[in-house]
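Taking numbering that gives the first Met the number 0, the leading residue of the sequence shown gets 0, the next gets one more, and so forth. All C-beta atoms, glycine included, are put in the ideal place defined by N, C-alpha and C. A short worksheet on the structure shown next.
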Amino acid sequence: MQNQSIAAVPPLVLAALLLVQCGWQDPETNGGAKVGARTSKKAKFHGLLDVQEVSPGIKVDLRYATRHNVTNRRLYPSSMAALLTADSSHRLARAQEELRRQGYGLKVWDAYRPPRAHMALWKSAPDSTYVVKPSPTSWSRHTQGLAVDVTLVDRNGVEMRMPTGFDAFTPAASSTYIGSDPEIRRNLEVLQTAMRNAGFNTIPSEWWHFWNPNVEIGKVVFASQLGLVLPENVRRIQIPR
0 MQNQSIAAVP
10 PLVLAALLLV
20 QCGWQDPETN
30 GGAKVGARTS
40 KKAKFHGLLD
50 VQEVSPGIKV
60 DLRYATRHNV
70 TNRRLYPSSM
80 AALLTADSSH
90 RLARAQEELR
100 RQGYGLKVWD
110 AYRPPRAHMA
120 LWKSAPDSTY
130 VVKPSPTSWS
140 RHTQGLAVDV
150 TLVDRNGVEM
160 RMPTGFDAFT
170 PAASSTYIGS
180 DPEIRRNLEV
190 LQTAMRNAGF
200 NTIPSEWWHF
210 WNPNVEIGKV
220 VFASQLGLVL
230 PENVRRIQIP
240 R
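Quick look at the structure:
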């Protein structure tokens, strides 16, 4: 190729060579890391940390970044990180370490939730038993990074048997197990003990939901403040004033 005249090189091949030479990268395949880094920096400015940066052993499967949730729609960007306040992140790391010593670990199903995503969730499931009704003075602790939804996994990251799946808005999802399976009861007890030892509280209606009572409720953090681009159907939602 070096001995050929540039004029003899087909235009498309020449363009590709020039792009490689200039270090060009496909934004669809490589831009995610850059976007993640920018988001992480902005998140830290607003007091939020990526839980996997604090504790790399924690697994993350944000269900609202997929269609596997009660809305059957994506509410988050597909590459969104699991974000929590610094205190909550370090407490979660403590729970992870306690579980690791027992041969278990944590998988995060939800953490920080943008307010518009919470509005979309409420519109799909307007039941205050399971979803906090949004208002100008009342928001879910998820919107401030003070709540986390988790399940128990084994040392290989495989989910353990628990009372229900995520977003099972039924009495079976109670944090006080009402079934008769001893394995499920034990798994739930292992999870709850580790989370409580780390300083988290439970709620009656959702076994997977834990919140941090050690940090005062502050201002909600909006997706735009973190540089997150929400799905179009979520962006259109109006925030209550």
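Taking the Cβ atoms as the reference, V50 lies roughly 14 Å from L98, outside the contact range of under 8 Å. By the neighbour-count criterion, in which a residue is buried when 16 or more other Cβ atoms sit within 10 angstroms of its Cβ, G144 is buried. One alpha carbon belongs to S173, the other to G156, and they sit about 24 Å apart. Short of 8 Å from the beta carbon of N196, and not among the five residues preceding or following it, lie these beta carbons of its own chain, in chain order: R93, A94, E97. Look at K218 here: in three-state DSSP terms it is coil, with no helix or strand label. For T70 and P181, the gap between their C-alpha atoms comes out near 31 Å. In terms of CA proximity to P230, P113 leads the group T150, P113, N200, A193. A distance below 8 Å separates the beta carbons of L190 and L151. Sequence-distant partners of K106 (beyond 5 residues in either direction) whose C-beta falls short of 8 Å from its own C-beta, in its chain, are I57, K58, V59, D60, V149, T150, L151, V152, G156, E158. By the beta-carbon neighbour count (other beta carbons within 10 angstroms, threshold 16), R160 is exposed. Looking at the DSSP output, A146 sits in a beta bridge with W210. Looking only at R72, L225, S139, Y75, the smallest Cα-Cα distance to L47 is reached by L225. Its Cα nearest to that of P212, the residue S87 stands out among S87, T175, R240, R234. When the Cα atoms are used, R115 and A42 turn out to be separated by approximately 17 Å. Within the region 131-188, the runs of beta strand (DSSP E) that reach at least 3 residues and sit entirely inside it are, in chain order, 146-153. Straight across, the Cα-Cα distance linking I236 with E188 is about 38 Å. Here E205 is buried. Its C-beta has 16 or more other C-beta atoms within 10 Å.
In this structure, DSSP gives L91 a helical state, which the three-state scheme calls helix.
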